[in-house]
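Here's the structure we're looking at; comments come further down.
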Amino acid sequence: MKGGNTSNPVVLYWHRTDLRLHDSPALHAALALKPSIFIPVWTWDPHYVYRARVGPNRWRFLQECQADLSKSYTKLNPNQKLWVVREGPQTILPKLWKHWGVTHLVFEKDTDAYAKDRDIDVIKMAEKVGVEVIVKMGRTLFDPDEVVEKNGGKPTMSITQLEKAAEKINNGSPDKPLEAPKSIPDPWEEDKMDLSSLKQDSVDHEPDFNSEHRIKADAQYSQLMGPNNDFGVPTFEDMGMDISEAVTPHRGGETEALKVLGDCIKHEDYIGRFEKPNTSPADFEPQSTTLLSPHLHFGSLSVRQFWWDVQGVLAKRRKEKKPNSSVPTSLEGQLLFRDMYMAAQAALGHEFDRTHGNRVARFIDWHLKTNPAKKDGSIDGAYEADSQDAEGWFQRWKEGRTGFPWIDALMRQLKQEGWIHHLGRHSVACFLTRGGCYVSWERGVEVFEEMLIDHETASNVGNWMWVSCTAFYSQYYKCYSPISFGKKWDPEGQLIRRYCPELAKFDKKWIYEPWRAPIADQKKFGCRVTGDGSSSSKEDGTEHTYPKPMFDFDERRQICLDGMKHAYGVGLYGNDEKVKNGTWKKEFDGGDRAAKRQKI
DNA sequence: GCTTATGTTGCGTAG
DNA sequence: GCTACGCAACATAAG
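Position 402 (the first sequence) corresponds to 402 in full-length UniProt numbering; numbering is contiguous.
Below, the structure written as structure tokens:
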């Protein structure tokens, strides 16, 4: 790679998945160039804005991360901030290189399949015009590509595989965190920073996966430098969205992330004895886990900082002869799972997030399967509407009106707060797929993608495949019950009372199964169990209603179990020819099994 | 190639 | 409140 003017480097730092100053190997490398000019940018990419499913809560979290980072830059240098430009990186970056006389482009490595393609394009363009590119890994404990290589080129399908691969990289020890910079060089003077003379490339507003959240036309791309021409962080106003819809109590930003981490680390007993299966999915205020996952997603917290802070506590406890929990249920184990999914994603690329063509995804004759990719390899998100029942169940699941209070409370918590406990995710995911609705895990992935503030493609897709027994895990006969699983953690039904307030007065005897309460009791508790929970089914008057269960769970569990057993017996995977050409149906009684399943 | 143990986190029932 | 076990039984790694 030919460098530009290396004696006076003009460094463009491209923030993406690293909204922080602490422990950023890429930022460290950028500043090590001793830039004469340093410009940290964020490209407000139409691909993410329109083609990723993002709900109001995650937009808000992202904006808080951007605003906090911008403020931190300004604190170190009053001339600095995060410079947000409104255009796709593939078109705006070459214009910026030219306009600002950039010699070096520096960014953190990404594992996402779309991001990888995008970065390859950008690197090629940079090389063409003599801009030197520096890419550093910093998003995971270990470089996912290196993990894959040490795993024999195969996706990591168990935590043991991940650990063994990590052992070969650095004796299983991630790099130590780097200090945040103490100073930041200047950008160009105001006149040269101004981009008014640049022509903005046209932006494809359609399809807009997030249109349902827009209350008016958006003006995100009205000006390259934003509506105030100040490179400011986009607002809900710009996006045509209503900020009052973003009701999550969880706050974004590096400052907040480091504060939460610091508070967690102080509780040494909690850190040392942490076992995920023993943390309650029903706890709120405070939650039973750290809530640091959204910060890991946006990079407002470095995962290696988290890892080594935890290691510090564990070492201290070992010295004090206090017991520590172990992988995989410990806190370290949770972070290793994240790396495991990242490496699986890195190995599989575009195959990873769908069934079709996926070599590790079992083929199961789910309802509402994603349609196969078009000839050009693209998928438009459409799915096969093979069952009206399943479509209805899917909508009721999504909206939290299945008639099973434990499921509905969790789905409403998810929608309101953008976060639910991992075991709560298991519970609702099992219910949608192999333990209730027999709907494809691909539908669940999309709903979580939209709603979760900590949405990480690798972990989200990986966990959906896990829980649906599509990959990673295969004991489909172990099924979460929407009644007894919640009861075990929360016999009083506090979570249900909070998120399904219409049931708040129910006796604990009925709170998980309100349809079984005698009518007289329902009247006494001020809530009738009737209808399907849709707005049209609600009776007028002051009395509350809660929907009847949408099916008999025990019956559905049996039907699902039978379906899974058959699919496992057939043994097809997503990359099988029969899956690709549709002849899989012959193995599933000519495609009749789905029809039979509905009639039961 | 065989057997055996293990695998992030289940449920329902019996004692 | 706790533990043990049947459930119906897969994939993978280790020996």
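Glycine included, each C-beta is placed from N, C-alpha and C at the ideal position.
Quiz item: Where are the beta strand (DSSP E) runs, 3 residues long or more, that stay fully inside the segment 486–544, in chain order?
Solution: 527–529
Quiz item: Among residues of its own chain, excluding the 5 on either side of V445, which ones have a beta-carbon nearer than 8 Å to its beta-carbon?
Solution: D353, N460, V461, W464
Exercise. Tell me, please, which residues DSSP counts as bridged to R214.
Key: M241
Quiz item: Mind checking D143: buried by the 16 CB within 10 Å criterion, or exposed?
Solution: buried
Quiz item: How should P277 be labelled, buried or exposed, when 16 other C-beta atoms within 10 angstroms of its C-beta is the threshold for buried?
Solution: exposed
Quiz item: Which parts of the UniProt domain "Photolyase/cryptochrome alpha/beta" (9–141) are runs of the beta strand (DSSP E), unbroken and 3 residues or longer, counting only runs that do not cross its ends?
Solution: 10–14, 37–43, 83–85, 104–108, 132–136
Quiz item: Measuring CB to CB, does E450 end up less than 8 Å from R139?
Solution: no
Quiz item: Between the segment 249–264 and the segment 293–306, do at least 3 Cβ pairs fall closer than 8 Å?
Solution: yes
Quiz item: Three or more C-beta pairs closer than 8 Å, one from the segment 219–228 and one from the segment 24–39: is that the case here?
Solution: no
Practice problem: Measure the alpha-carbon distance for V10 versus L301 and round it to whole angstroms. | Solution: 27 Å
Quiz item: When the distance is taken between beta carbons, is G88 closer than 8 Å to P46?
Solution: yes
Self-check item: Proximal residues to N170 (C-beta, below 8 Å), its chain only, five neighbours per side dropped
Solution: F142
Self-check item: Neighbourhood of V122 by C-beta, 7 Å cutoff - its chain only, sequence neighbours within 5 removed
Solution: P89, Q90, L93
Quiz item: If we ignore side chains and look at the alpha-carbon of each, how far apart do D532 and R516 end up?
Solution: 16 Å
Quiz item: Taking Cβ to Cβ, would you say F588 is nearer than 8 Å to D365?
Solution: yes
Quiz item: From what residue to what residue does the alpha helix (DSSP H) around L224 run?
Solution: Element bounds for L224: n/a, residue is neither H nor E.
Quiz item: For R434, does the three-state DSSP call read helix, strand or coil?
Solution: coil
Quiz item: With burial defined as no fewer than 16 other Cβ atoms inside 10 Å of the residue's Cβ, what is the status of K2: buried or exposed?
Solution: Model confidence at K2 stands at a pLDDT of 43, short of 50, so the residue's coordinates are unreliable; what they give is reported in the following sentence. Looking at its Cβ environment, which holds fewer than 16 other Cβ atoms inside 10 Å, K2 is exposed.
Exercise. Measure the C-alpha to C-alpha separation of G4 and H104 and round it to an integer number of angstroms.
Key: Low per-residue confidence applies at G4: pLDDT is 46, beneath 50, and the placement is therefore not dependable, though the value from the model is reported in the following sentence. Rounded to the nearest angstrom, the two C-alpha atoms are 7 Å apart.
Quiz item: Counting along the chain, where does the alpha helix (DSSP H) carrying P281 start and finish?
Solution: Neither: P281 is in no alpha helix (DSSP H) and is coded neither H nor E.
Quiz item: Taking buried to mean at least 16 other C-beta atoms within 10 Å of its own C-beta, is P501 buried or exposed?
Solution: exposed
Self-check item: Exposure of A390, with buried meaning 16 or more beta-carbon neighbours within 10 Å
Solution: buried
Quiz item: Would the beta-carbon of P281 fall within 8 Å of that of I159?
Solution: no
Quiz item: For M564, which residues from the same chain have a beta carbon less than 6 Å from its beta carbon, with the 5 sequence-adjacent residues on both sides left out?
Solution: R434, Y476
Quiz item: From which residue to which residue does the alpha helix (DSSP H) around R401 run?
Solution: It is not in any alpha helix (DSSP H) - R401 carries neither H nor E in the DSSP assignment.
Practice problem: Check whether the segment 409–418 touches the segment 53–70, taking contact to mean three or more Cβ pairs, one atom from each stretch, closer than 8 Å. | Solution: yes
Quiz prompt | Stretch-stretch touch, CB-based, cutoff 8 Å, three pairs: the segment 172–191 with the segment 66–86 | solution = yes
Self-check item: DSSP-derived helix/strand/coil call for H422
Solution: helix
Quiz item: How do the segment 395–413 and the segment 427–442 stand: do at least 3 beta-carbon pairs fall below 8 Å, yes or no?
Solution: yes
Quiz item: Between which two residues does the alpha helix (DSSP H) containing P405 stretch?
Solution: 405–417
Quiz item: Does the Cβ-Cβ distance between R16 and D110 come in under 8 Å?
Solution: yes
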